[in-house]
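I have placed the structure first, in the form of structure tokens, so that the comments after it can refer back to it.
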Amino acid sequence: MDEQPRLMHAHAAVGMSGHPGLSQHITDNTGATDGDGRKQDIGDILHQIMTITDQSLDEAQARKHALNCHRMKPALFNVLCEVKEKTVLSIRGAQEEESPDAQLMRLDNMLLAEGVSGPEKGGGSAAAAAAAAASAGVGADNSAEHSDYRAKLTQIRQIYHTELEKYEQACNEFTTHVMNLLREQSRTRPISPKEIERMVNIIHRKFSSIQMQLKQSTCEAVMILRSRFLDARRKRRNFNKQATEILNEYFYSHLSNPYPSEEAKEELAKKCSITVSQFSAGHYGGIHVSNWFGNKRIRYKKNIGKFQEEANIYAARTAVNAASVSAHGSQANSPSTPNSAGSGGSFNMSNSGDLFMSVQSLNGDSYQSSQVGANVQSQVDTLRHVISQTGGYSDGLAANQMYSPQGINANGGWQDPITPSSVTSPTEGPGSVHSDTSN
DNA sequence: GAATATGATTCATG
DNA sequence: CATGAATCATATTC
1 MDEQPRLMHA HAAVGMSGHP GLSQHITDNT GATDGDGRKQ DIGDILHQIM
51 TITDQSLDEA QARKHALNCH RMKPALFNVL CEVKEKTVLS IRGAQEEESP
101 DAQLMRLDNM LLAEGVSGPE KGGGSAAAAA AAAASAGVGA DNSAEHSDYR
151 AKLTQIRQIY HTELEKYEQA CNEFTTHVMN LLREQSRTRP ISPKEIERMV
201 NIIHRKFSSI QMQLKQSTCE AVMILRSRFL DARRKRRNFN KQATEILNEY
251 FYSHLSNPYP SEEAKEELAK KCSITVSQFS AGHYGGIHVS NWFGNKRIRY
301 KKNIGKFQEE ANIYAARTAV NAASVSAHGS QANSPSTPNS AGSGGSFNMS
351 NSGDLFMSVQ SLNGDSYQSS QVGANVQSQV DTLRHVISQT GGYSDGLAAN
401 QMYSPQGINA NGGWQDPITP SSVTSPTEGP GSVHSDTSN
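Numbering (UniProt numbering), first residue to last: 1 to 439.
Here it is as structure tokens:
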């Protein structure tokens, strides 16, 4: 393929030689002699070609037609062909690969992840939402909370798609137009299919760069939208009363082991979100419940006294529930163990109360054993609370005593449930309470 | 507007 | 990876 250019020098020379006399021989050329006439002819043609862009459309059409029919046309065409081939050769190879490919990929991925591009709303929304959620690192929240977000996203998606379509259409139109033009021109000047293809490629590249801009701005819009909503989500929104009550209920009725399983969390989340009204509807997920329990545990432990009242309240409530559920057994109204009242204030204080020892061991068992144990434990917790309430509620000294967090550590409450052996009285002084509750 | 409550996040740990 | 602990940042309260 590289050998061709050799032949062209001659022709090129002819073409070149025509130029100098170009402007002089515009007059008629009909009866010219061989040498002079041809030269003049060529000059004329070339001139016409050169000036064709300056003419009006009709004129140009007419001229074009005239040129096409000219007897010199095939020869000139050949010349052009060869010159072209040469230039094409030099042009070829300058096809740089697209560098913005990576970026485009990123944009595409993001759009896909955001659910902007990709499958349409219908079946795709779930996957899109999942992808979005996954990318956001936020659990699978329900859609209620995000309806606004969804709506805006849909809006963006629509704009994006219409624009994309528009671009696509424009691109196609333009491409076909150019192709037609080139095809038609290929009768006049040499245009290889490959060249047309190249042209189309160029056009496509141009349009794809436009598309990239579109994608970029779409991404931006989505980012802004999301950041806004993410911020909104990040902003603290308190659980409403019902939810906190539900959570507290669970917490205090499982005080000795306030670690809800995944299912329990889910259930709690569901329960909360169901009983919840408007603004935070659907804002509950396992994550929130986990957060809540995490915070609750640590804060409870940090300052048990502060939560005492609350504990009593919820304990009583759940006790009532438990009672109603489990036939009887709510004779807790009779605080048979006054001793336990004091320690009862702090459930963890595991003083020397036999009851608590047994309870603890019970707990220890229940950790490993099946749900039966859990149930029993729950009941035990409840009862404990009731006891503490009925017994220790009146005297404030209980509240004072329960400040000692040693109870938790001592009886291993949450920390080391499996080894109740640590129940043995702690050597640690009660003074450790105020370790750093300064917050 | 400071003080407190509280949900979320981050980081270390086992 | 779930949890505890510390911390952040906002909401609520006074």
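Where a beta carbon is used, it is the ideal one built from N, C-alpha and C, also for glycine.
Original post:
Taking C-alpha atoms, which residue in M223, R183 and N248 lies nearest to W292?
Top reply: N248
Subject >> Cα-Cα separation, F279 to K265 >> reply: With a pLDDT of 36 at F279, under the threshold of 50, the predicted position of this residue should be treated as unreliable, and no value is reported.
Subject >> Selected residue, minimal CA-CA separation from E195, among R157, K84 and I45 >> reply: K84
Original post:
Where does the unbroken alpha helix (DSSP H) through Y252 begin, and where does it stop?
Top reply: K241 to S253
Original post:
Do the region 56 to 68 and the region 196 to 212 meet, that is, are 3 or more Cβ pairs less than 8 Å apart?
Top reply: no
Original post:
Do L214 and L164 come within 9 Å of each other at the CB atom, strictly closer than that value?
Top reply: yes
Subject >> Simplified DSSP assignment, three categories, for S117 >> reply: coil
Original post:
Smallest Cα separation from C272: which of N109, V79, E245 and I298?
Top reply: E245
Original post:
Is the beta carbon of H288 sitting closer than 9 Å to the one on A269?
Top reply: yes
**OP:** Please classify Y393: does DSSP put it in a helix, a strand, or coil?
**Re:** In this predicted model, Y393 has a pLDDT of only 34, less than 50, meaning its place in the structure is not dependable; the value taken from the coordinates is given anyway. Coil at Y393, not helix or strand.
Subject >> Beta-carbon proximity list for E262, same chain, < 8 Å, skipping 5 on both sides >> reply: G286
Original post:
Nearest to R189 by CA position, among L76, L111, A316 and R317, is which residue?
Top reply: L76
**OP:** Mark K166 as exposed unless 16 or more other C-beta atoms lie within 10 angstroms of its C-beta, in which case mark it buried.
**Re:** exposed
Subject >> Counted within 10 angstroms of its Cβ, other Cβ atoms place C69 as buried (16 or more) or exposed >> reply: exposed
Original post:
Would you call P258 buried or exposed, if buried means 16 or more other Cβ atoms sit within 10 Å of its Cβ?
Top reply: buried
Original post:
In three-state DSSP terms, what is I191?
Top reply: coil
Subject >> Given Y252 as reference, the closest of E310, I298, L107 and N78 once Cα atoms are compared >> reply: E310
Subject >> L112 to I156 span [Cα, whole Å] >> reply: 13 Å
**OP:** Let me know if I184 comes out buried or exposed under the rule of 16 or more other beta-carbons within 10 Å of its beta-carbon.
**Re:** Going by the sequence as given, residue 184 is Glu instead of Ile. The residue in question, E184, is exposed, as its Cβ has fewer than 16 Cβ neighbours within 10 Å.
Original post:
Cα separation between A221 and P193?
Top reply: 41 Å
**OP:** Identify whether G345 lies in helix, strand or coil by the three-state DSSP scheme.
**Re:** Low per-residue confidence applies at G345: pLDDT is 38, beneath 50, and the placement is therefore not dependable enough to give any value.
Original post:
At which residues does the alpha helix (DSSP H) containing I298 begin and terminate?
Top reply: G286 to K302
Original post:
R198 to M223, Cα distance in whole Å?
Top reply: 36 Å
**OP:** Please work out which residues of its chain come closer than 7 Å, Cβ to Cβ, to Q48, disregarding the five sequence neighbours upstream and downstream, and give them in chain order.
**Re:** R63 and L67
Subject >> E263, DSSP secondary structure in three states >> reply: helix
**OP:** Report buried or exposed for E82, applying the criterion of at least 16 other Cβ atoms within 10 angstroms of its Cβ.
**Re:** buried
Original post:
Excluding sequence positions up to five away, which residues of its chain have a Cβ less than 6 Å from the Cβ of L397?
Top reply: With a pLDDT of 36 at L397, under the threshold of 50, the predicted position of this residue should be treated as unreliable, though the coordinate-derived value follows. Here the set comprises nothing.
Subject >> Closest residue to Y314 among Y250, R106 and G294 (Cα-Cα distance) >> reply: Y250
Original post:
By Cβ distance below 7 Å, which residues in the same chain neighbour M50 in space, the five residues on each side in sequence not counted?
Top reply: none
Original post:
By Cβ distance below 7 Å, which residues in the same chain neighbour R317 in space, the five residues on each side in sequence not counted?
Top reply: E249
Original post:
Are there 16 or more other CB atoms within 10 angstroms of the CB of P260, so buried, or fewer, so exposed?
Top reply: buried
**OP:** Kindly indicate the opening and closing residues of the alpha helix (DSSP H) around A236.
**Re:** Just to set this straight, residue 236 is Arg in the shown sequence, not Ala. Looking at the DSSP string, R236 is not in any alpha helix (DSSP H), and its letter there is neither H nor E.
Original post:
Is L153 near G115, with beta carbons less than 9 Å apart?
Top reply: yes
**OP:** Using three-state DSSP, classify N78 as helix, strand or coil.
**Re:** helix
Original post:
Would you say H218 and I159 are within 9 Å of each other, going by their C-beta atoms?
Top reply: First, the residue type needs correcting, since residue 218 is Thr and not His in the sequence shown. Yes.
Original post:
Are the Cβ atoms of M212 and L107 separated by less than 9 Å?
Top reply: yes
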